[in-house]
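J.: Positions -31 to -1, 1 to 528 (mature numbering (1 follows the signal peptide of the UniProt record, and there is no 0)) are the ones given, in order, by the sequence shown.
We put the CB at the ideal spot given by N, CA and C, even for glycine.
Attaching a single structure in structure tokens format; questions to follow.
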Amino acid sequence: MLTAPLAVPRRRGRRALMALLAMLAPGCATVDSSALQASLKGRYVDEPQVIADAASPPLTAATTSGPMRTFGNARDVGSVVLYGARNATVANRPVDAYLERLCQRLLAAWPHARLARQPRLMLTADPAYGAVAEADGRIRVNLGLLTQVETEDEMAFVVAHELGHLLRYHNATREEEIGQMRDLRQLGDQVIATGAMLANSNLGRQALSGPGDQAEARKATMIGLASSMTLREALDTVADPAWARGQEAQADLVGVDLMAAAGFDPSSASDAFDRLQGEYARSRSQAEQAGAALQSGLGDRLVKGDLRGMLSQAVDGFVAVANGAAKDFQQQLQTRHPPPAERSAAVLAYVDRTYPDRAAGAGQLGEIERLRNLPRIRAMREAADNIAQAQQALLEGQPQEALRWAQAALAATPDSTAARYQLAVAQIGLGQSQAARDGLRRVKGEAGLPLEGYITLARLEQQTGSPAAALATLDEGGRSVGNPDIVLPNRLELHLLRHDKAAAETEAARCAASPQRAVRSLCRDIMEQQERPGAARPSGLGLPDLGGSLGRAMRGLLR
């Protein structure tokens, strides 16, 4: 994978961090580029081990001849749920055709047996610089790569690098690691969902004595959701397929060999690493801001006796993941993703030794310049800029400004689910519950929602008089992440808000039977919150009095 790694400052949450490090630990020893190059006598692609692996490839999703796994419709809408709305695949025939030609030109330079399954390059709406090779043979090429490369040689290296992962069958050694990354992503989902649930609970359960209090509660919810979006993108940087250090070194050398044999200037590979280096500061700044917003906007508001500090622990734990939080995590991340400057130096050393008589590249964009000026691509670039502005405004607690930027993004690309999602979050901040509900319904139908989006939509369904739809939405959200229990606290809360004691008792029993400690703890705290002396019970949203034998029985289930 060639994407910008997340720079990681020291933060709190070390205990949660260390548990995650065990999940992140590579399953095998890694080899850095210098050690790999020390044994080479010529081109890396001519090494005996490379030849042997090409002759007898392992059986994997990328090497079998069966149909390629599909996600949603033919244009991979399902990846919207997995990677976030901004990463939806973009249908654009000129770009698709160019990427196909580039792929074929590079593959023709591979001197060994071809892959049984043809790699498939796909443009995504992600504005970040980079590309990712998937285990099933697809390569996601980010919009940010198309719009930021300075030469066609640079583009060729990034694509060749991703092809290198497939041609060296790195996915065959990563099945266990992919599972670990999936677990890490789900853990992030749980923490984000906890924050979103509590933000929405804050909106629904606090005594709202006046318009100012209501506005503050809505603002807390909005900032919580905006922070979740940003932190989820930071988690993607960590939890997306991140090939071990030795695999990155191998893919770098395969990429150089392929581009050189295909007629591109191999020294241009260093330009890609220069671009990655520039992404460090941006990723770090965004993650830090989102973590701070989530802590101040949710933690300070909700932890004061509300849930015995659980939110604080959860937020700290997730910020530890998103921001790194400790030197140990930075070292682990560098083990998986060597710093761009280090990789650049290693690649240039290899190029100088292996291709001393290379011809200098033309230093031109070639067809890429024409593709950038296509109306669809220009509109996507404009929308990406507007979406970034909208997200920044949300983090800063400015819903009106966020609304304006999200509307501008939709004007540029009416099919942008990312812009529509941000528009709905801004509408929550402005108290436009019905419009926000309708917007989230549309995003859910077109592309799916992140888990906190399902939880928020359920709250809006409840507020606008559709309790059955609220429960159905929660269940759909739990299924979307393969963890139905994660929404049990939300279901319990909705039953309490409806004064449905029988349903609440049934839900409490389900909570008590859950193997997930966090779920049991949240359910217990929701029960105890409504019985705390002086607890607020606002008109129309108050919790029922569950005293006496029923209340004792329900609390007993959750011990």
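Quick check: what's the CA-CA separation for A357 versus F126?
T.: About 28 Å.
J.: Of the residues R389, N355, L90, which one's Cα is nearest the Cα of L418?
T.: Nearest of R389, N355, L90 to L418, Cα basis: R389.
J.: If you reduce the DSSP assignment to three classes, tell me which class A231 lands in.
T.: Reduced to three states, the DSSP call for A231 is coil.
J.: Should Y13 and Y319 be called a contact, given that it needs their Cβ atoms to be closer than 9 Å?
T.: Yes, these two residues count as a Cβ contact at 9 Å.
J.: Given R460, which residues of its chain have a CB within under 7 Å of its CB, disregarding the five upstream and five downstream residues?
T.: Cβ within range, chain order: L440, L443, E476.
J.: Going along the chain, which residues of its own chain have a beta-carbon closer than 7 Å to the beta-carbon of S483, five neighbours each way excluded?
T.: Only D454, L457, R489 meet the Cβ criterion.
J.: Determine the DSSP secondary structure at G247, reduced to helix, strand or coil.
T.: Here G247 sits in helix by DSSP.
J.: Need the endpoints of the beta strand (DSSP E) that L107 sits in, please.
T.: Just to set this straight, residue 107 is Arg in the shown sequence, not Leu. Element bounds for R107: 107 to 111.
J.: Quick one: residues in its chain with C-beta nearer than 7 Å to the C-beta of A377, no 5 flanking neighbours on either side, listed in chain order?
T.: If we look at A377 and ignore the five residues flanking it on each side, its Cβ neighbours are N355.
J.: Roughly how many angstroms lie between the CA atoms of D221 and L194, to the nearest whole one?
T.: So the two alpha carbons sit approximately 38 Å from each other.
J.: Starting from the Cα of R428, find the closest Cα among V59, A353, I397, R70 and give me that residue.
T.: Minimum Cα distance to R428 is reached at I397.
J.: Output the boundary residues of the beta strand (DSSP E) element that contains residue 530.
T.: As shown, the chain starts at -31 and ends at 528. That puts residue 530 outside it, with no answer to give.
J.: Alpha carbon to alpha carbon, what distance is there between A23 and L317?
T.: So the alpha carbons of these two residues sit roughly 26 Å apart.
J.: Give a yes or no on whether the C-beta atoms belonging to E69 and L334 are separated by under 9 Å.
T.: Cβ atoms of E69 and L334: not closer than 9 Å.
J.: G447: buried (16+ other C-beta within 10 angstroms of its C-beta) or exposed?
T.: Classification for G447: buried.
J.: Can you look up G451 in the DSSP assignment and give me helix, strand or coil?
T.: G451 falls in the coil class under three-state DSSP.
J.: Count the C-beta pairs between the segment 222 to 232 and the segment 402 to 413 that are closer than 8 Å, then say yes if the count reaches three, no if not.
T.: No, because fewer than three Cβ pairs between the segment 222 to 232 and the segment 402 to 413 fall closer than 8 Å, the two stretches do not touch.
J.: Please report how far the alpha carbon of R86 lies from the alpha carbon of G106, in whole angstroms.
T.: C-alpha separation (whole angstroms): 7 Å.
J.: Ignoring anything shorter than 4 residues, give me the alpha helix (DSSP H) runs that lie fully in the segment 393 to 469, in order along the chain.
T.: Counting whole runs of 4 or more residues, the segment 393 to 469 contains the alpha helix (DSSP H) stretches 402 to 416, 420 to 432, 436 to 449, 457 to 466.
J.: According to DSSP, which residues form a beta bridge with A24?
T.: Paired residue(s): none; A24 is not in a bridge.
J.: Assign V284 to one of three DSSP states: helix, strand, or coil.
T.: Summary for V284: the model assigns pLDDT 41, below 50, so the residue's position carries little reliability, and this model does not support an answer.
J.: Grab the span of the alpha helix (DSSP H) containing G133 for me, first residue to last.
T.: Where G133 is concerned, the enclosing alpha helix (DSSP H) stretches over 121 to 136.
J.: Could you give the DSSP three-state label for V59: helix, strand or coil?
T.: Residue state, collapsed to three classes: coil.
J.: Would you identify the three-state DSSP class for A77, choosing helix, strand or coil?
T.: If DSSP states are grouped into helix, strand and coil, A77 belongs with coil.
J.: So, at 6 Å on beta carbons, what are the nonlocal neighbours of A21 in its own chain, with the 5 sequence-adjacent residues on each side left out?
T.: Excluding positions up to five away in sequence, the list is empty.
J.: Do D122 and L92 have their C-beta atoms within less than 9 Å of each other?
T.: No, they are not a contact pair.
J.: Using the Cα positions of V450 and A331, report the straight-line distance between them to the nearest angstrom.
T.: Going from the Cα of V450 to the Cα of A331 covers about 47 Å.
J.: Taking 8 Å as the cut-off, is the beta-carbon of Q18 closer than that to any non-hydrogen atom of the ligand ZN?
T.: The ligand ZN is absent from the structure shown, which contains no ligands of any kind.
J.: When burial is assigned at 16 or more other CB atoms within 10 Å of the CB, is K10 buried or exposed?
T.: Classification for K10: exposed.
J.: Express the C-alpha separation of V101 and G511 in angstroms, rounding to a whole number.
T.: Any reading at G511 must be qualified, since the residue scores a pLDDT of 33, below 50, and its modelled position is unreliable; the value itself is stated next. Taking the straight line joining both Cα atoms gives about 48 Å.
J.: Per DSSP, A348 forms a beta bridge with which residues?
T.: Paired residue(s): none; A348 is not in a bridge.
J.: Spatial neighbours of I346 within its chain, please: CB distance less than 8 Å, with the 5 preceding and 5 following residues excluded, ordered by chain position.
T.: Same-chain partners within the cutoff: N61, V64, L112, L115, T116, L340.
J.: Which residues in the same chain have their Cβ closer than 6 Å to the Cβ of A78, if we skip the five residues on either side of it in sequence?
T.: So the list reads L227, A230, A231, once near-sequence residues are dropped.
J.: How long is the line joining the alpha carbons of D95 and K470, rounded to whole angstroms?
T.: So the two alpha carbons sit approximately 46 Å from each other.
J.: Output the distance between the C-alpha atoms of A329 and L136, rounded to the nearest integer angstrom.
T.: For A329 and L136, the distance between alpha carbons rounds to 27 Å.
J.: For the putative contact between G224 and H130, defined by C-beta atoms under 8 Å, what is the C-beta separation to the nearest angstrom?
T.: Right, the Cβ-Cβ distance comes to about 4 Å (below 8 Å), so this counts as a contact.
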